[in-house]
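The numbering of the sequence shown is our numbering, which starts it at 48 and goes up by one. Remarks on the structure that follows.
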Amino acid sequence: MTIHSLTAKLLLVSVIVGLTGTAILAVLAATVTAGEFGDFMFRYRRSGLAELLADHYATNGTWEGLPREFSNRSLAGPSPRALGKAPFLSFLLVDNTGSVVVSGQGYQVGELVPEEGLSDGISIEVEGESVGELYLQSGAFDVGPAEQIFLRRVNFALAVGAIGGTAAAVVLGMVLARSLTKPLRELTAGARAVAAGELDTQVPVRSSDELGELAEAFNQMNADLATARDRRRQLTADVAHELRTPLSVILGHTEGIRDGVLEASAENLAIIHEEAQRLERLVEDLRILSLVESGELSLELGEYDPMALVEKTAASYRALAREKEIDLEVVSDGRELPTVRIDMDRMGQVLGNLVSNAVRHTPEGGSVILAAHAWTGGVEIQIKDSGAGIDPEDLPHIFERFYRADKSRQRDGAGSGLGLAIAKSLTEAHGGTIGAESQLGQGTTISLRIPKVA
């Protein structure tokens, strides 16, 4: 029969361990008890026999006339009245001259026993003087009825203890099995709920052990899945929102031209063309972002001077800056910058997005500064503008896809809302980092760090 329930398996293990443990303990206890009891009875009877023999010698002053009952008999206690009922004992009695008085252990009466011939004897003393030696063979006696009753009671108590121990093991095993499997049952129910689409499911963390860690990991996984789901939904909504405006413009103008409401003039066609270009940029930005985040974007890496990247980007946007009367300046601390390993086109795209963003959101007469300097791990490039700045609540989110900060950062028709998200993904693809600092009314600084060539 196959046991499928973990609770039943744990209970079975507890029962087996309990039975095995109690059986071993019961056998050991019975063995030790029987051995200790046998040793006690041996010493007790030997002492009783020695007292009887000493009494006889004290009364008669000699070993002669020793009652026939002492011939390989003794009693289980010191009382002479029990003499005829005593269990048989095999013993040897030697007087103080070494001559055998009562035969036993291979020696005959009257035979002299050498000093090295016997051991573990007990001296029989009368008025402080040794009158003989008693040698009793260990285990050479029959267990009497009283002793048998005692041993039976001990064995019965051990059996009851073993049964009680097994019952306790079963009860504790059931409690332990339920305690251990309850978190697993909760995790199973939680996993089924997640499989049904309930990503907000959380299970209670009942301990700090491995099961508790598993529950925490499960909850964190669900939280991450819920976050990913929400981001996916938000992305879908954002993409739909970004597509709606240019598509509405294109659809409205084409329907107007088709119905004769609008002329197919160069101006109207230019509007359609501009919105189509916006759609193209959005689709391309989404494609790049998808490739970067999936790790499938191929980078053509080479070793370059970072100042060349900065100067090239500044040159590309100086005309745009002049149109808005913005001072676009490149600043360096004069120290030689370490070489970096980058894809020049992709990092040019990153820096271009950042500079373009800074120029668009800097008022006329303002300034945009590109600064490059060395740091411990490579090169840091900063883009500082004198724009309106970003609200502290918005600052942590500006690198998220389609995130819109305050009005000064809303899309003015030139961007797709993905520029900063792409800049972050491409920078991280090069092993770099990107961050932002801003204060309202004092402008924004975007800093990106690129590791140097090892």
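No residue lacks a Cβ here, since even glycine has one placed at the ideal position from N, Cα and C.
- Would you check if the distance between the CB atom of Ile437 and the CB atom of Ser485 is smaller than 8 Å? yes
- Message: Only counting the same chain, and skipping five residues up and downstream in sequence, which positions put a Cβ closer than 7 Å to that of Glu322?
- Response: Pro293, Val296 and Ile297
- Item | Assigned exposure category for Phe203 - 16 Cβ within 10 Å defines buried | exposed
- Item | Proximity to Ala70 [Cα-Cα], best of Thr274, Asn404, Asp374 and Thr213 | Thr213
- the segment 339 to 347 / the segment 472 to 480 touching (three or more Cβ pairs under 8 Å): yes
- Taking 7 Å as the line, does the beta carbon of Ile63 fall inside it for any heavy atom of the ligand PLP? No copy of the ligand PLP appears in this structure; indeed no ligand is present at all.
- Taking Thr492 as the reference, give the member of Val156, His408, Leu205 and Gly82 with the closest Cα. His408
- Task: Look at the Cβ atom of Ser61, then the Cβ atom of Ala216, and state whether they are nearer than 8 Å.
- Result: yes
- Specify, as a first and last residue, the run of the alpha helix (DSSP H) that Ser254 falls within. Looking at the DSSP string, Ser254 is not in any alpha helix (DSSP H), and its letter there is neither H nor E.
- Report yes or no: do three or more beta-carbon pairs, one from the segment 237 to 252 and one from the segment 91 to 105, lie closer than 8 Å? no
- Would you say the segment 323 to 334 touches the segment 362 to 369, given that touching needs at least three Cβ pairs under 8 Å? no
- Message: On the criterion of 16 or more Cβ atoms from any shown chain inside 10 Å, does Gly479 qualify as buried, or is it exposed?
- Response: buried
- May I have the straight-line CA-CA distance separating Ile63 from Gly220, to the nearest angstrom? 10 Å
- Coil, strand or helix - Gly460 by DSSP: Any reading at Gly460 needs caution, since the residue's pLDDT is 45, under 50, leaving its predicted position unreliable; the model's value is listed next. In the structure shown, Gly460 sits in coil (DSSP, three-state: anything other than H, G, I, E or B).
- Alpha carbon to alpha carbon, what distance is there between Ala273 and Asp247? 6 Å
- Task: Could you tell me which uninterrupted alpha helix (DSSP H) segments, each at least 4 residues in length, are contained entirely in the segment 345 to 415, listed from first to last along the chain?
- Result: 353 to 370 and 391 to 407
- Message: Quick check on DSSP: helix, strand or coil for His103?
- Response: helix
- Task: Compute the Euclidean distance between the alpha carbons of Leu467 and Glu257, then round it to the nearest angstrom.
- Result: 41 Å
- Task: Return yes when the Cβ of Leu282 is within less than 8 Å of the Cβ of Arg448, no when it is not.
- Result: yes
- Item | Extent of the continuous alpha helix (DSSP H) to which Val306 belongs | First, the amino acid is wrong: residue 306 is Asp here, not Val. Where Asp306 is concerned, there is no enclosing alpha helix (DSSP H), given that its DSSP letter is neither H nor E.
- Message: Are the CB atoms of Val378 and Glu358 within a distance shorter than 8 Å?
- Response: no
- Based on Cα-Cα distance, which residue from Gly112, Glu289 and Ile481 lies nearest to His444? Ile481
- Task: Count the other C-beta atoms from every protein chain shown that fall within 10 angstroms of the C-beta of His288, then say buried if there are 16 or more, exposed otherwise.
- Result: exposed
- Could you spell out where the alpha helix (DSSP H) holding Thr228 opens and where it closes? Pro192 to Ala242
- Query: Which class does Ser433 belong to by DSSP, given the choice of helix, strand or coil?
  - Reply: coil
- Report the residue from Leu205, Val173, Pro353 and Asn400 whose alpha carbon sits nearest the alpha carbon of Ala419. Pro353
- In whole angstroms, what is the alpha-carbon distance linking Gly131 and Thr78? Model confidence at Gly131 stands at a pLDDT of 37, short of 50, so the residue's coordinates are unreliable and nothing is read from them.
- From Asn400 to Arg328, what does the alpha carbon distance come to, in whole angstroms? 13 Å
- Query: Taking the alpha-carbon positions, what's the Arg199 to Ala73 distance?
  - Reply: 13 Å
- Span of the beta strand (DSSP E), counted from its first residue to its last, around Thr474: Note, Thr474: premise wrong, no beta strand (DSSP E); alpha helix (DSSP H) at Gly466 to Ala476.
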